[in-house]
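Peer 1: In the UniProt record's numbering, the protein residues as written are 1 to 177.
Encoded as structure tokens, here's the structure I'll be asking about.
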């Protein structure tokens, strides 16, 4: 059986893409975002985070691009909706400590539910989350799951591109400011 490691992390990454929890299909396949209907890998490429379209089996190569993957709750489920608000709240301390330890420049939350539950702010807008999280810039991105049909591929690409541009702008400001 293939070993599944949900975290693809290293210290000081530009961005860690943070899902709510691992999908049961990811655990079965041994790789994150492995469901064929999931749009994570094409969106990362189209938004300019990678210069080639990676496949789930290439997930560790994300580190070469300054990107990582994690989840707030480690428990895999068939659907993200199977994770309760209380479970996200209970996971906050451990998740926040992990993000502080790895210290990415930004955390890209894939969907609103986990961040809303952890912060107790029920109505979080898409995009930049000004308070940040765990000492990092926080960004709320639409979940690329194939079940999330409220966002087209173009919508997803625009949202993820906005984060990539914000990271590029903050990098330029840091080196010239």
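Just so it is clear, CB atoms sit at the ideal spot from N, CA and C, and this is done for glycine as well.
For residue 151, which residues from the same chain have a beta carbon less than 7 Å from its beta carbon, with the 5 sequence-adjacent residues on both sides left out?
Peer 2: Around residue 151, the same chain offers 142 as residues with beta carbons nearer than 7 Å, after the five sequence neighbours per side are excluded.
Peer 1: What are the boundary residues of the alpha helix (DSSP H) that includes residue 42?
Peer 2: Residue 42: member of the alpha helix (DSSP H) spanning 40-46, first to last residue.
Peer 1: Less than 7 Å separating the beta-carbons of residue 22 and residue 91?
Peer 2: In this structure, the beta-carbon distance from residue 22 to residue 91 does not fall below 7 Å.
Peer 1: How about residue 80 and residue 107: are their beta carbons less than 7 Å apart?
Peer 2: Taking the C-beta atoms as reference points, residue 107 is found no nearer than 7 Å to residue 80.
Peer 1: For residue 6 and residue 74, which I take to be in contact (beta-carbon distance under 8 Å), what is that distance rounded to the nearest angstrom?
Peer 2: 7 Å
Peer 1: Roughly how many angstroms separate the alpha carbons of residue 9 and residue 65, rounded to a whole number?
Peer 2: For residue 9 and residue 65, the distance between alpha carbons rounds to 12 Å.
Peer 1: From 154, 98 and 84, pick the residue whose C-alpha is nearest to that of residue 69; which is it?
Peer 2: 98
Peer 1: Output the boundary residues of the beta strand (DSSP E) element that contains residue 189.
Peer 2: The requested residue 189 does not occur in the structure, where the chain is confined to residues 1 to 177.
Peer 1: Residues bridged to residue 243 by DSSP?
Peer 2: The shown model of the chain, from 1 to 177, leaves out residue 243, and the question about it has no answer.
Peer 1: Indicate whether the contact test is met: 3 or more Cβ pairs, each with one atom in the region 82-91 and one in the region 107-123, closer than 8 Å.
Peer 2: yes
Peer 1: Please classify residue 159 as buried or exposed, where buried requires at least 16 neighbouring CB atoms within 10 angstroms.
Peer 2: Burial state of residue 159 is buried, judged by a 10 Å Cβ sphere holding 16 or more other Cβ atoms.
Peer 1: Out of curiosity, what's the CA-to-CA distance linking residue 12 and residue 83?
Peer 2: 29 Å
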